[in-house]
Amino acid sequence: MKLILSQTGRFIGFGLLLTWLVIVIVPLVAAVLNSLKSNIDIFSNPLGLNLGDIRFGNFVEALNGPVGGRPLWEYLGNSFVATILSIVLGMTLGVLAAYGLARSDSRRIATVNRIFTFLIAVPILATLVPTFTLMGALGLRDSPVGITLVYAAFMIPPTALLMRPYFAAVPAELFEAAKLDGAGEARTFIQVILPVVFPTLFGVIVINVIWVWSELALASVLLVTSSSKTLPVGLLAFKGQYSTELGVQFAGLLLGAAPLLALYFFFSRRITEGMAGGMLK
Amino acid sequence: MARNSSVVLNGRAAQAGKTLLVRPAARRRLKQRDESTALWLTAPALVLALAFIVYPVIETIRLSFFEWPGLGPATFVGLDNFVGLASDSDFATAVENNFLFAVVVTVGTVGLGTAFALAIDRRVAFWRVYRFVFFLPYILPMTIVAIMWANALDPNYGWLTGIVSLINPEWGVGALANPDTAMYVVCLVAIWQFAGFPMVMMLGSLSSIPRDIVEAARLDGAGPVQMAWRISLPLCKDMLTTVVLLQLIFSFKVFDLVQALTGGGPGSSTQVLGTLIFREAFVEAKFGYASAIALVASLSIIAISLVYLAVLKPGRIERQG
Amino acid sequence: MKRYTAQAAAVSVMLTAGLVGCSTAPEAGAEGSGTLYVTTNAGVNAAWIDLVIPEFEKLHPNIDVIQDAIDPTTLQSTAAQLYASSSAPDVGFLQTSMAAYATLIDAGALTELNDVWEISGLTDAVQPNVVASWSVDDNHYGIAYNQVWAPVIYYNKALFEQAGITAPDGRVASSSEWLDLIGKLKDAGLQPLAIGGGEFPALHIAGALLQASSTGTNPYSDYLTNTLAGSTTPALYSSGPFLDAMTTIDEWNELGVFAKGTPSMTEGQSVSLFSAGGAAMLSNGSWAVQSAAKDSPDLDFGWFLYPMSDTGTETTFLTYVGDGMVIPKTAKNPIAAKLFLEYLAGVDGQALLVSTGSIPIRGDLPASTFDAFDAQTAEMIKAMSTLGGADIWSPDPTVNTAVTAAFSQILIGEKTPQQVGDEVQAIVDSLR
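Protein chains in written order, with this note's numbering: chain E, 1 to 281; chain A, 282 to 602; chain L, 603 to 1034.
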């Protein structure tokens, strides 16, 4: 009886996994196919490919960028710059803050902790207009520096709060041993503490890269001139006043997701293991 | 099977209680020095956060007592915006929808994600494939996900519409065009995209369970379900609660996905707080009103988080101060 | 001496050829130089400016024009902030029906363009209603550049044949003819009408039905003005023609006139549905000819206007002339900006519009320009003189939003026509 139950259970479980596999893969395949189709084919031939009318030209059009915009690689470049700069700034400050929050129990630090916790609840959307005005006053609109500062700022609370428990869990022995060896704060941090939390760190970097790369609302408000736009914003202009070339839009979106996908393909094991292995508790 | 050294250490550390933070015999001088180091470490982050998050938030709070079309002078209206919210049916719908979304998506993503993580951890057949594929949707930009699914559910030609009609012909008319089902569809799309995140988090947590415990349970004859329910999950309780909280918070902030998928329509049946803020601010040009909504939304998120943490992790709260 | 002769020659050339435009000889200091930033609306507007830029730069070699296309949603949301800020472009797209238009003018953020209208001859080359709709206190703050006619019903000739229907000539003569047409289509198993119910086509159909339901005592022209502050015209929304229009929408919905998924359909989806043969008719505007043809070059389709009401009120082409270009006060290169607008409003700039499928706003273009139009648009232009035109009903941004939403709400049964009528009445009352 138990065997039958467990066999059935196994069957159902296996079925669920396979179903989900299909559910994930099919839309992705459809999206790729759509990027090679004309508007009509996207509508009338959703899962198939119209072999008589494969539009490789969609990708060419997408690469050229929308009319009135810039070629796609310029948007890609802007995205790379914004992402790398904001990750460097945001992660550095966030990790240092996490370390600081873990180092002390004092009232002041506890207040800082609480501030960061509350800041996570702030939706970016609500801050769009004040940020626009603030950036205008600072002269940082249409500039990678401006968008970097904002992204880094929003990256800090979740990073600090996610990393804090892992810093806190580092055993005191390691810390004291380093001190005995005569290492200063900085050396201790870089050479002793960081390697211990690195897997988690890697995971947090991955999460942050994903949202910064595809972030739309802030970027569309702060980056107005085409030459400064990041990829998600630049791709918006494929949607026209009266009509959209859906196939081209799909092609553009896929090209835009390509760097992230490429990173995932190459580092998938590192990523899932990294987020996995380091996530203790 | 290689165990991360910090895991082992953590096991031991948990027993010994000697970590960076919990110092039973800390000396006063060291603590003070720790505090000043800590303050220096957190200062730059705090400054940046204050400048670019707190300042806009204060502006938003201030704006919520005014009426402002986005340009020119702002008119002070006191609490009128908030009073207006109380009788706004669109706001009520948005709150309802958001709660529904939060619950369904959190349960869905964490439930499915944990189930997948358990299966992958047990190394079922093809586990590597699952681990690779299931995280994929999380990486895609929300715009592409939204367009993909809107396309799939197109009432006239969507490939999914055909399949859905087999289950219930009425739904096939346009799950997204039907106000009764639209919100559920939005939830399902969100689950599709975000299930990978809890999955990966739980995978990590599961992989840190010492193998001897697992072995012992298996020798005792525990089946997979028993193993999961009695041993694996309880040991991962902390991660589970963290993931649930993160998903809840995210669900109340959601905007991009819903906006791209339905824009709040049809009618107002899929409005959530994020899309409502967007509409009031940028389409209706009522920034004061939108700020009031944002304020209410943020306070609710904070309240929910605090309640959640208080109920589930009383000890944690004390330690985190 | 030389310059006077040159100018005299230019003027006589203009008079004989009937052309008005940028062929005036440049006056001293009006050369313009530097970089010119133009913000356009993605789609037709961007395509047009893309064509204009090389021609303009040939005329003004010292000016370097850079275009930035922004998608309609973002533009509508951020236009007010953007054009009033220090990072405003030199020239930007704006519509009179956008909330941002009124906001920017109230804030004094747009440059007054009366001279541009004069120099380019726009004032004399367009219909009086255009001048009126672009005037605020007798000043112009933007140039109109095109007109669009909406809604127009397009029909798939092959599918009509299949259902055994003879298409009406020009407009549907009565509601019974319309119902007969619908009946035949449904008998043939076809979806009758594709319409972007989730977007602005919803507003257009409301306008067309409003025009059809208007009567002598509540003329359509009243509805065009009674949302203005201080208006006293009696035309109501909670009863009368508007309510009739909403009720008609409800009735048509019951009859199954609208294609599946209409409440949330985007305009683009409705066009594709029609082009793919999924619906026999499409309710859209004059621009749809290009989109449908692009989607399906082999599609043979015609057009006609919405049905007249049974009271005999004629439906006409409804014209929207609110697409325009403005110069923010904070523009960094206003001289070049004005030169650019003069070109856009001039004959040469207008002629380039035709290749994007838009109908120019000037009435004094040489006949040859219109040869470039596709068959359907050319037919419509010819038919304008017999079928007539009227201003499109695009009352006020708040009313626009309410009515656009009301369309889907009625379709999905969330609101009754009476409720919609009452709501719109309340909004209009608060505006007056």
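Here a beta-carbon is modelled for each residue, glycine too, at the ideal position from N, C-alpha and C.
- Not a single CB atom of chain E sits nearer than 8 Å to the CB of PHE380 of chain A.
- Cα atoms of GLY240 of chain E and ILE428 of chain A: separation of roughly 15 Å, rounded to the nearest angstrom.
- Going by C-alpha positions, LEU811 of chain L is about 14 Å away from ALA1008 of chain L.
- At a C-beta separation below 7 Å, GLU659 of chain L has no neighbours in chain E, since its nearest C-beta there lies roughly 15 Å away.
- Under the three-state reduction of DSSP output, MET464 of chain A falls in the helix class.
- Fully enclosed alpha helix (DSSP H) runs of no fewer than 4 residues occupy 361-367 of the segment 353-377 of chain A, in order along the chain.
- In terms of Cα proximity to ALA969 of chain L, the closest of L:LEU941, L:ILE755, L:SER996 and L:VAL949 is L:VAL949.
- Judged by DSSP in its simplified three-state form, HIS742 of chain L adopts strand.
- Of all alpha-carbon atoms in E:GLY146, E:LEU162 and E:THR244, the one lying nearest the alpha-carbon of ASN78 of chain E is that of E:GLY146.
- In this structure, the CA atom of THR864 of chain L is about 25 Å from the CA atom of GLY772 of chain L.
- Across the set L:GLU981, L:SER840 and L:ASP670, the C-alpha of L:ASP670 shows the shortest separation from the C-alpha of LEU236 of chain E.
- The beta carbon of VAL732 of chain L lies closer than 7 Å to those of ALA746, VAL923 and ILE963 in the same chain, with the five residues before and after it left out.
- Contiguous alpha helix (DSSP H) elements confined to the segment 897-983 of chain L occur at 936-947, 949-956 and 969-973, taking only those with 4 or more residues.
- Rounded to the nearest angstrom, the gap between the Cα atoms of LYS940 of chain L and ASN647 of chain L is 18 Å.
- Between TYR570 of chain A and LEU526 of chain A, the gap from beta carbon to beta carbon reaches 8 Å or more.
- In the structure shown, the three-state DSSP call for ASP782 of chain L is helix.
- In the same chain as ASN58 of chain E, and ignoring 5 residues on each side of it, the C-beta atoms closer than 7 Å to its own belong to SER35, LEU36, GLY247, VAL248 and ALA251, in chain order.
- DSSP lists L:THR921 as the bridge partner or partners of TRP751 of chain L.
- Within 9 Å of the CB of ASP708 of chain L, the CB atoms of chain A belong to PRO350, LEU352 and GLY353, in sequence order along the chain.
- With the criterion set as a beta carbon lying under 8 Å from some beta carbon of chain L, the members of the segment 429-440 of chain A are ASP435, PRO436, ASN437 and TYR438, in sequence order.
- Residues of chain L with a Cβ closer than 7 Å to the Cβ of PRO547 of chain A are, in chain order, GLY800, PRO865, SER866, SER1010 and ILE1014.
- For the 8 Å CB-CB criterion, ALA332 of chain A and ALA153 of chain E form a contact.
- Spatial neighbours of ILE120 of chain E in its own chain (CB-CB distance under 6 Å, excluding positions within 5 residues in sequence) are listed in chain order as PRO157 and PRO158.
- Of the residues assessed, THR556 of chain A falls on the buried side of the cut-off, its CB having 16 or more other CB atoms within 10 angstroms.
- In this structure, the CA atom of VAL24 of chain E is about 31 Å from the CA atom of ARG560 of chain A.
- Within chain E, the residues PRO130 have their CB atoms less than 7 Å from the CB of GLU340 of chain A, given in chain order.
- Interface with chain L (8 Å Cβ-Cβ cutoff): PHE56 of chain E is excluded.
- Among the residues of chain E, those whose CB is under 8 Å from the CB of PRO674 of chain L are LYS239, GLY240 and GLN241, following chain order.
- Interface annotation, ILE190 of chain E: not in contact with chain A, CB-CB separation never under 8 Å.
- With respect to the 8 Å criterion, VAL112 of chain E and THR131 of chain E are not classified as neighbours on the basis of their beta carbons.
- Boundaries of the beta strand (DSSP E) around LEU696 of chain L: 693-697.
- Within the segment 215-228 of chain E, contact with chain L at the beta-carbon level (separation under 9 Å) is assigned to SER220, VAL221, VAL224, THR225, SER226 and SER227.
- A check of alpha carbon separations from SER1010 of chain L across A:ALA367, A:ILE558, A:PRO547 and A:ILE582 identifies A:PRO547 as the nearest.
- Here PRO27 of chain E is buried: its Cβ has 16 or more other Cβ atoms, across all protein chains shown, within 10 Å.
- Taking 8 Å as the upper bound for CB-CB distance, THR642 of chain L and ILE651 of chain L are in contact here, some 5 Å apart.
- For VAL640 of chain L, the enclosing beta strand (DSSP E) stretches over residues 636-643.
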